[in-house]
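A short worksheet on the structure shown next.
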Amino acid sequence: MKGSIPRPTPGILGALRSSPYFRGMPPERLKEVSRFFQEELYPQGSLLLEEKRRAVRLFILLRGSVAVSFRRGEKELIVEIHRKRGDLFGWSALVPPKEYTATAKALEDSRVLSILGKDLERFFRRHPSCGLLFLRKLSALIATRLHRTRTFLAENLR
């Protein structure tokens with residue numbers, strides 16, 4: 020029915036409860052935000068997001084594995100492989116200029132949760148304490164990736 024608010028499924032709610040990015044949010048807030056998520060299956064070889072495209076959705080891995088890569092000329096460089104339940108990718112959907120900086124491809128049949136960045140932003144505007152909690156954890160993720168990138172460059176540009 021148009022205009023109705025979807026009910027959270029137990030699977031989505033459970034996945035968010037166990038996600039490090041949503042852990043610590045009050046149960047009523049988790050239930051509310053879970054309504055905006057959808058569960059999706061990506062067959063092996065399919066693209067979840069593409070480098071340089073408009074970033075619309077953020078993803079949380081439930082099952083499977085996803086390679087994150089970027090292209091430089093003819094070369095494709097895999098920078099990360101997500102295998103762990105709860106891994107987050109596509110966070111460019113929350114960060115200006117809202118353009119994916121990499122491509123994500125399913126290495127095997129993979130199940131994810133996805134949410135529109137604009138829906139998550141709207142939720143965070145209504146519940147700033149939840150947004151602060153999430154963004155602190157996202158900042159830690161970005162800092163870890165930056166550290167790994169710097170280490171890689173230092174080791175390979177000698």
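What the sequence shown shows, in this note's numbering, is residues 20 to 177, in sequence order. Glycine residues also receive a C-beta, built at the ideal position from the N, C-alpha and C atoms. Just so we're clear, the structure is a prediction, and the values are computed from it rather than from any experiment.
Handout entry: Distance between GLU140 and PRO179 (C-alpha atoms, nearest Å)
Key = Absent from the model: residue 179. The displayed extent of the chain is 20 to 177, so no value can be given.
Problem - Through-space distance from GLU95 to LEU132, alpha-carbon basis - result: Going by the C-alpha atoms only, they are around 26 Å apart.
Problem - Uninterrupted beta strand (DSSP E) stretches inside the stretch 99-162 (no shorter than 3 residues) - result: Segments of the beta strand (DSSP E) lying fully in the stretch 99-162: 122-125 and 129-135.
Handout entry: Option in MET44, GLU47, PRO46 and LEU80 with minimal Cα separation from SER59
Key = Looking at the sequence itself, residue 59 is Glu, so the reference to Ser does not match. GLU59 has its Cα closest to that of LEU80, out of MET44, GLU47, PRO46 and LEU80.
Practice task
State the Cα-Cα distance for the pair ARG145 and VAL52, rounded to the nearest angstrom.
Solution key: Whole-angstrom Cα-Cα distance: 11 Å.
Exercise for the section: Identify which residue in PHE108, ALA162 and PRO46 has its Cα closest to the Cα of SER88. Expected result: Among PHE108, ALA162 and PRO46, the Cα nearest to that of SER88 belongs to PHE108.
Problem - Rounded separation between ARG164 and LEU157 - CA only - result: So the alpha carbons of these two residues sit roughly 11 Å apart.
Practice task
Identify whether LEU32 lies in helix, strand or coil by the three-state DSSP scheme.
Solution key: LEU32 sits in a helix when the DSSP states are folded into three classes.
Problem - Euclidean distance between Cα positions of ALA159 and GLY92 - result: Straight-line spacing of the CA atoms in ALA159 and GLY92 works out to 30 Å.
Handout entry: Pair within 7 Å by beta-carbon distance, SER14 and TYR61
Key = The requested residue 14 is not part of the displayed model; the chain covers only 20 to 177.
Practice task
Specify whether the stretch 116-125 and the stretch 60-78 touch according to this definition: at least 3 beta carbon pairs, one from each stretch, less than 8 Å apart.
Solution key: Short answer: they touch.
Problem - Residues sharing a beta bridge with TYR196, DSSP - result: The question about residue 196 has no answer here: the residues shown for the chain are numbered 20 through 177.
Problem - Given VAL45 as reference, the closest of LEU32, GLN57, PHE56 and PHE55 once Cα atoms are compared - result: Sequence inspection shows Pro at residue 45; the Val mentioned does not correspond to that position. Measuring C-alpha to C-alpha distances from PRO45 to each of LEU32, GLN57, PHE56 and PHE55 identifies LEU32 as the nearest.
Practice task
Could you name the residues that DSSP lists as bridge partners for GLU174?
Solution key: In DSSP, GLU174 forms no bridge with anything.
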